[in-house]
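Going by this note's numbering, the sequence shown opens with residue 6, and the numbers climb by one from there. Cβ atoms here follow ideal geometry from the backbone N, Cα and C, with glycine treated the same way. Small disclaimer: the values here were computed from a predicted structure and weren't measured. What follows is a short report on a single structure.
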Amino acid sequence: MRKAPRHWDNMSNTKVASGGARQFLLGDEIVGRINQLGMISETPEHLARVFLSPEHRVAADLILSWMVEAGMTARLDAIGNVCGRYEGERPGLPCLMLGSHYDTVRDAGKWDGPLGVITAISCVADLNRRGKRLPFAIEIAGFADEEGVRFASTLLGSRAVAGTFVESVLGAKDRAGITMREAMIAFGLDPDHIGAAARARGELLAYVELHIEQGPVLEAKNLPVGVVTAIAGATRLAASLTGMAGHAGTVPMALRRDALTGAAECIVAIEELCRTDPDGLVGTVGYINAMPGATNVIPGKVSFTMDIRAPTDTHRREAVADIVRRIESIAKTRGLALQVDVTHENRTVPCAPWLKAQVAEAVAAEGFSVFELPSGAGHDGMAMIDISDVAMLFVRCRGGISHHPDEHVELADADAGARVLLRLIENFRPREVDAGG
């Protein structure tokens, strides 16, 4: 049977058959490769692909083959990142770097991370098919470890590229007692040469990352893509409230120093503060432990964690201070001893206005409404900001679900993200620097 004739419509890289059915040329390739990469897993039942594992090696080799097929030179760097380069109009030009990660959490979805890597490769392949070279090079970084699952330290791949890798992490152990140093050697990498992965600021014109949103906002707005304003900073705290354990039947309610009811009041206060904030503040109590943990004993001590995020550092720090004041007041009123410690803090990473504007231009040029939103999740841009201006493009995901097997991106949305990224690449204008520096 002959194939139906096809013609181009006004949407770049999208063909329409004579019967009206649309083919998503970039999207089809991307989704196929997402599914292929998603088969590379520690176990067949649940997707798990962690740093320096056999699955890491298989996935890296596959991605490297796609890079070569797209017309790039490709290599594995000193920490296991996959790196591809598509030269510009002449060799050796500074690059626009595109990237994301290809490791996963355990029991993961297929899209978190790989969508950005695979989409970037498909865009370069499109340029290569047309024989198009640009006045800058394009590099793609597939970061080997963003999630931090194996050694409990995140952004290892991008920190190595940014030159901010902390050598003490080499001594961290996984669940089997294997250190990162030992795992690197077994993988065929030299832990004493991680510094070779570092790039200089002058080599990069910008860093742009396409990523699934990992939240429900774009779906609620009925938009396939969104322009990221900033990667929200995060403060994590550990709190403990100590009261007095007692018999559940003999201590009158008015005389109790119940640590669990005090913690419950604190948790509701955190929720109220964040829920009523108009500027994107979010707070989560993700862990709680009541002791002694018996049905007929008043809890004498409760420990819980807090994760507080906001689009700006000032806003987040003010919110954390407000939360601490509130729980101090609750503890005092209830006669409880309070201990609060900051366990982790990440700065907010703003997307560079000049670069974010070009992402927005590409979104509009592809016929989509420009909608800006912050990223509440962390990304490799948090490390790359040390050597480059950064920007991000979000792609809608079904139900806002992520870090879960039900994570999903529709074909049309994958294609939309690719078209926006390709247009951004082809129209990219490096930042103009004043003559005075």
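When the distance is taken between beta carbons, is residue j closer than 8 Å to residue i?
| i | j | result |
| --- | --- | --- |
| D282 | S105 | no |
| V444 | S245 | The structure shown does not extend to residue 444, since the chain is modelled only from 6 to 442, so the question has no answer here. |
| G238 | R352 | yes |
| R90 | A53 | no |
| T240 | R321 | yes |
| L228 | S380 | no |
| L160 | M387 | yes |
| F399 | E218 | yes |
| E152 | C100 | no |
| D318 | L360 | no |
| A419 | V122 | no |
| I84 | L194 | yes |
| V345 | V329 | yes |
Buried or exposed: where does residue i fall if 16 or more other Cβ atoms within 10 Å of its Cβ makes it buried?
| i | result |
| --- | --- |
| H12 | Only weak support is given to the placement of H12: the predicted model assigns it a pLDDT of 28, under 50, and the value that follows is read from those uncertain coordinates. The residue in question, H12, is exposed, as its Cβ has fewer than 16 Cβ neighbours within 10 Å. |
| L124 | The sequence as given places Thr at residue 124; Leu does not occur at that position. T124 is buried by the Cβ-count criterion. |
| A26 | With a pLDDT of only 44 at A26, under the threshold of 50, the placement of this residue in the model should not be trusted; the figure read from the coordinates follows. With fewer than 16 other Cβ atoms within 10 Å, it is exposed. |
| N294 | exposed |
| T338 | exposed |
| E437 | exposed |
| V87 | buried |
| I126 | buried |
| P316 | buried |
| S70 | exposed |
| D284 | exposed |
| R80 | exposed |
| A336 | buried |
| D150 | buried |
| L260 | exposed |
| V213 | buried |
Note the first and the last residue of the continuous beta strand (DSSP E) segment covering residue i.
| i | result |
| --- | --- |
| L175 | Looking at the DSSP string, L175 is not in any beta strand (DSSP E), and its letter there is neither H nor E. |
| E350 | 342-351 |
| E144 | 142-148 |
| R105 | Reading off the sequence, residue 105 comes out as Ser, not Arg. Residues 100-106. |
Along the alpha helix (DSSP H) that carries residue i, what are the first and last residues, could you check?
| i | result |
| --- | --- |
| M258 | Per DSSP, M258 belongs to no alpha helix (DSSP H) and is neither H nor E. |
| I190 | 185-192 |
| G121 | 119-134 |
| A167 | 161-167 |
message: When you compare the segment 307-316 with the segment 192-212, are there three or more beta-carbon pairs, one atom per stretch, that lie closer than 8 Å?
response: no
message: Suppose only complete runs of 4+ residues qualify. What are the alpha helix (DSSP H) ranges in the segment 271-340, listed by chain order?
response: 318-339
field: Contact the segment 132-151 vs the segment 418-433: 3+ CB pairs below 8 Å
entry: yes
- prompt: Any contact of the segment 405-414 with the segment 105-117, i.e. 3+ C-beta pairs under 8 Å?
  reply: yes
- request: Give, in chain order, every unbroken run of the alpha helix (DSSP H) that is at least 4 residues long and sits entirely within the segment 194-245.
  value: 222-226
message: Threshold first: 4 residues or longer. Then list the alpha helix (DSSP H) segments lying entirely within the segment 40-93, N to C.
response: 59-74
- prompt: Is the segment 358-377 touching the segment 189-204 in the sense that three or more CB pairs, one from each, lie closer than 8 Å?
  reply: no
query: Whole alpha helix (DSSP H) runs in the segment 369-434 with 4 or more residues, listed along the chain?
result: 386-389, 416-431
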